[in-house]
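Since the structure comes first, as structure tokens, the remarks are kept for the end.
Numbering (our numbering), first residue to last: 986 to 1552.
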């Protein structure tokens, strides 16, 4: 039994007192922590030069020169941290009060208007000479120095390019000639961009992990504290991680170098108000942290925010991130490690990407539509048109050569299987193939017709600009959540014979009849009208009713439900 599992004693669940009486008692008492001390700790984490524990014995121990603007921000924060919220208030400083209130706003998802209302109420409750911020905008200014900031980069309306670096001063897209800015009804140009992406620089976020006393030590967990007992608990236990260490020993020599995973997916923040909108964030995950931390939302770092579905033009929006990743691999960035009080050169590498199957095509460059949609088999795929859609067969090729299922035909697709599994292309072979192809520019106005020589490639992924990308053993990962949800929905829909959810359709039955396999599942033509009889793997109505009634009346411990949900 999981120790954290709740006991439902009012529902009849009993506790084994004999086994629990000898267990050590732990009082759940949280220590009292002064919030002002916590805020001072946050300031020291954000500004390493504020710490007095800096080792300066050697060249590597000397912090980088202090920027005047950065020091000015530090002085403002320090002033607000030492200023009482109102005369005589010893519990809260101005900065502590704003940090606590902003934390509550984020935790309980308060809107800006709601936050402004409560700030106004608090200002009226407090003494008249209080220094509390009057609204959300002013509160953000108080916390400005603690934030990491982001950049707004204008983009072409048709996703052709970014107005970035050498194109930053242009007013028109050189590919589609679309204006950078919106036009008025009088056909006059405004200064309002047609499309904007947000880029959140990665370097300061990685540096913050080592400037904080809470995470600096944990960032070396994968090397110093991980137990290597041939059990898969962390990405560092996997073969892809170990192969990377063997290929790049110089990078692996310093455990402080960061291993990242990138994940992306689209979502609609407006719900039913705008069902056609899709926002695409790209997150980075630092896998140096232990498994109970590396996937927590506190350590998720948003790097890119795209305001619509970019399609294959996602590489256009990845340009700032890839440029920064290349610099992090080649040059690194000077970073203060608070766990030892010294400066070091921080480098970073992306180990793989994670996404669902539709987004797989956007990131990998291999289309997941059509007869060659399988990114594993590629041109050696076995596919055909069945039940009104393209289906992919040939799964028995992965079985051992002498497996009995290879000889069975009627139980599968009507053919015996004597082929070996498709060859596995290395990253260098894929890169060589992509370099021989000529792809059309990005953008909505470009024709998507591909020559047959391109197979299912739509574009050359920008990640291949990273010097190590073609050497990775595992570059693309599928999001388990989407896969297991789709498989579960299909299984339940088919077993319960739910209309619109089951895969046992009339078209599927006709396909079986056309292929001459599984006669017991053919359409019943005993009468004038052909009908689909209930399959042997689907529940009968009485069985379905009994099963659903039993499930509805079942009560499960809260811990069990939580584990099932997470799994």
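Ideal placement from N, C-alpha and C gives every residue a C-beta, glycine not left out. For clarity, every value in this text was computed on a predicted model and none was experimentally measured.
Do you know how far the Cα of residue 1539 is from the Cα of residue 1528? Against the chain shown, residue 1528 aligns to sequence position 543. Against the chain shown, residue 1539 aligns to sequence position 554. When rounded, the distance between both Cα atoms is 17 Å.
Reference residue 1189; option with closest CA among 1331, 1274, 1385 and 1143: By one-based count along the chain shown, residue 1189 stands at place 204. Minimum Cα distance to residue 1189 is reached at 1331.
Taking 9 Å as the cut-off, decide whether the C-beta atoms of residue 1117 and residue 1087 are in contact. In the chain shown, residue 1117 corresponds to position 132, counting from 1. In the chain shown, residue 1087 corresponds to position 102, counting from 1. Between residue 1117 and residue 1087, the C-beta spacing is not below 9 Å.
Hey, would you say residue 1144 sits closer than 9 Å to residue 1298, going by beta carbons? To locate residue 1144, count along the chain shown from 1; it is residue 159. To locate residue 1298, count along the chain shown from 1; it is residue 313. Residue 1144 places its beta carbon less than 9 Å from that of residue 1298.
With distances taken from CA atoms, which of 1131, 1093 and 1456 is nearest residue 1055? If you number the chain shown from 1, residue 1055 lands on position 70. Closest by alpha carbon: 1131.
If I follow the unbroken alpha helix (DSSP H) through residue 1136, where does it start and stop? Within the chain shown, the letter at position 151 stands for residue 1136. Careful: residue 1136 lies outside any alpha helix (DSSP H), inside the beta strand (DSSP E) at 1136–1139.
For residue 1416, I'd like the list of residues in its chain whose CB is within less than 6 Å of its CB, leaving aside the five on either flank, ordered along the chain. Against the chain shown, residue 1416 aligns to sequence position 431. 1449 and 1455, listed in sequence order.
Range of the contiguous alpha helix (DSSP H) that encloses residue 1206: Here residue 1206 corresponds to residue number 221 of the chain shown, with the count starting at 1. Where residue 1206 is concerned, the enclosing alpha helix (DSSP H) stretches over 1206–1209.
Judging by CA-CA distance, which residue of 1443, 1413, 1412 and 1218 is the nearest neighbour of residue 1423? On the chain shown, position 438 is the one that residue 1423 refers to. For residue 1423, the nearest C-alpha among the options comes from 1443.
Residue 1437 versus residue 1364 - alpha carbon distance: The residue you call residue 1437 lines up with position 452 of the chain shown. The residue you call residue 1364 lines up with position 379 of the chain shown. Each residue's Cα considered, the two are about 11 Å apart.
Which value, in whole angstroms, describes the spacing of the CA atoms of residue 1327 and residue 1072? Within the chain shown, residue 1327 is the residue found at index 342, counting from 1. Within the chain shown, residue 1072 is the residue found at index 87, counting from 1. Straight-line Cα distance between these residues: approximately 40 Å.
Report the CB separation of residue 1120 from residue 1104 in whole angstroms; it is logged as a contact under 8 Å. By one-based count along the chain shown, residue 1120 stands at place 135. By one-based count along the chain shown, residue 1104 stands at place 119. So it is a contact: roughly 6 Å between Cβ atoms.
Quick one: what's residue 1374 bridged to in DSSP? One-based indexing of the chain shown puts residue 1374 at position 389. Answer by DSSP bridge pairing, in chain order: 1371.
Given residue 978, which residues of its chain have a CB within under 8 Å of its CB, disregarding the five upstream and five downstream residues? Because the chain is modelled from 986 through 1552, residue 978 falls outside the range shown and cannot be assessed.
Residues near residue 1353 in its chain [Cβ-Cβ closer than 6 Å; skip 5 each side]: As a first step, residue 1353 is located in the chain shown; it is residue number 368 there, counting from the start. Annotation for residue 1353: 1342, 1345 and 1346 place their beta carbon closer than 6 Å to its own, counting only its chain and skipping 5 residues before and after.
So, helix, strand or coil for residue 1231, using DSSP? For the purposes of this step, residue 1231 is taken as residue 246 along the chain shown, with counting starting at 1. Shown here, residue 1231 sits in a helix according to DSSP, grouped into three states.
Inter-stretch contact at 8 Å, needing at least 3 Cβ pairs: the segment 1282–1292 / the segment 1152–1159: Not touching, per the Cβ criterion.
In terms of residue numbering, what span does the alpha helix (DSSP H) encompassing residue 1322 cover? Taking the chain shown and counting its residues from 1, the one referred to as residue 1322 is at position 337. From DSSP, residue 1322 is part of no alpha helix (DSSP H) but of the beta strand (DSSP E) over 1318–1322.
Bridge partners of residue 1243, per DSSP? Walking along the chain shown from the start, residue 1243 turns up at place 258. By DSSP's assignment, residue 1243 forms a beta bridge with 1333.
Spatial distance of residue 1089 from residue 1398 (CA atoms): The residue given as residue 1089 occupies position 104 in the chain shown. The residue given as residue 1398 occupies position 413 in the chain shown. A straight-line Cα-Cα distance of about 58 Å links residue 1089 and residue 1398.
Residue 1043, buried or exposed, once every other Cβ within 10 Å from all chains shown has been counted against 16: Locating residue 1043 in the chain shown gives position 58, where the first residue counts as 1. Note that residue 1043 scores a pLDDT of 39, beneath 50, so its modelled location is shaky; the value from the coordinates is reported in the next line. By the neighbour-count definition (other C-beta atoms within 10 Å, threshold 16), residue 1043 is an exposed residue.
Tell me whether the beta-carbon of residue 1451 lies closer than 9 Å to the beta-carbon of residue 1302. Here the question's residue 1451 lines up with position 466 in the chain shown. Here the question's residue 1302 lines up with position 317 in the chain shown. No.
According to the neighbour-count rule (16 or more other Cβ atoms, all chains shown, within 10 Å of its Cβ), is residue 1535 buried or exposed? Residue 1535 sits at position 550 when you count from the first residue of the chain shown. It is exposed - the Cβ of residue 1535 has fewer than 16 other Cβ atoms within 10 Å.
Could you compute how far the alpha carbon of residue 1206 sits from the alpha carbon of residue 1266? For the purposes of this step, residue 1206 is taken as the residue at position 221 of the chain shown. For the purposes of this step, residue 1266 is taken as the residue at position 281 of the chain shown. Going by C-alpha positions, residue 1206 is about 28 Å away from residue 1266.
Residue 1087 - DSSP class collapsed to helix/strand/coil: Sequence index remark: in the chain shown, residue 1087 carries index 102 (1-based). DSSP, reduced to helix, strand and coil, places residue 1087 within a helical segment of the structure shown.
Leaving aside the five residues before and after residue 1507 along the sequence, list all residues of the same chain whose C-beta is less than 7 Å from its C-beta, in chain order. Here the question's residue 1507 lines up with position 522 in the chain shown. Around residue 1507: 1494, 1497 and 1498.
Is it right to say residue 1413 is buried, meaning 16 or more other beta carbons lie within 10 angstroms of its own, or is it exposed? Within the chain shown, residue 1413 is the residue found at index 428, counting from 1. So residue 1413 counts as exposed.
Please determine, among 1356, 1179 and 1172, the residue with the shortest C-alpha to C-alpha distance to residue 1165. Walking along the chain shown from the start, residue 1165 turns up at place 180. It is 1179 whose Cα lies nearest to the Cα of residue 1165.
Nearest neighbour of residue 1318, chosen from 1186, 1358, 1383 and 1095 [CA to CA]: For this step, residue 1318 is matched to residue 333 along the chain shown. 1186 is the residue among 1186, 1358, 1383 and 1095 whose C-alpha sits nearest the C-alpha of residue 1318.
In or out: residue 1173 buried (at least 16 other Cβ within 10 Å) or exposed? As a position in the chain shown, residue 1173 is number 188, starting the count at 1. Counting Cβ neighbours within 10 Å, residue 1173 comes out exposed, since fewer than 16 surround it.
Nearest-angstrom Cα distance between residue 1142 and residue 1430? The count along the chain shown starts at 1 and reaches residue 1142 at position 157. The count along the chain shown starts at 1 and reaches residue 1430 at position 445. In this structure, the CA atom of residue 1142 is about 10 Å from the CA atom of residue 1430.
Going by the DSSP bridge assignment, what does residue 1466 pair with across the sheet? Position 481 of the chain shown holds residue 1466. DSSP output for residue 1466 lists no bridge partner at all.
N- and C-terminal bounds of the beta strand (DSSP E) containing residue 1183: The sequence position of residue 1183 within the chain shown is 198, counting from 1. Counting along the chain, the beta strand (DSSP E) containing residue 1183 begins and ends at 1181–1184.
Hey, would you say residue 1213 sits closer than 9 Å to residue 1222, going by beta carbons? Within the chain shown, numbered from 1, the residue matching residue 1213 stands at position 228. Within the chain shown, numbered from 1, the residue matching residue 1222 stands at position 237. Cβ atoms of residue 1213 and residue 1222: closer than 9 Å.
Classify residue 1082 as helix, strand or coil using the three-state DSSP reduction. For this step, residue 1082 is matched to residue 97 along the chain shown. Helix.
Going by beta-carbon coordinates alone, are residue 1242 and residue 1372 separated by less than 9 Å? Looking up residue 1242 in the chain shown gives position 257. Looking up residue 1372 in the chain shown gives position 387. Using a Cβ distance threshold of 9 Å, residue 1242 and residue 1372 do not count as a contacting pair.
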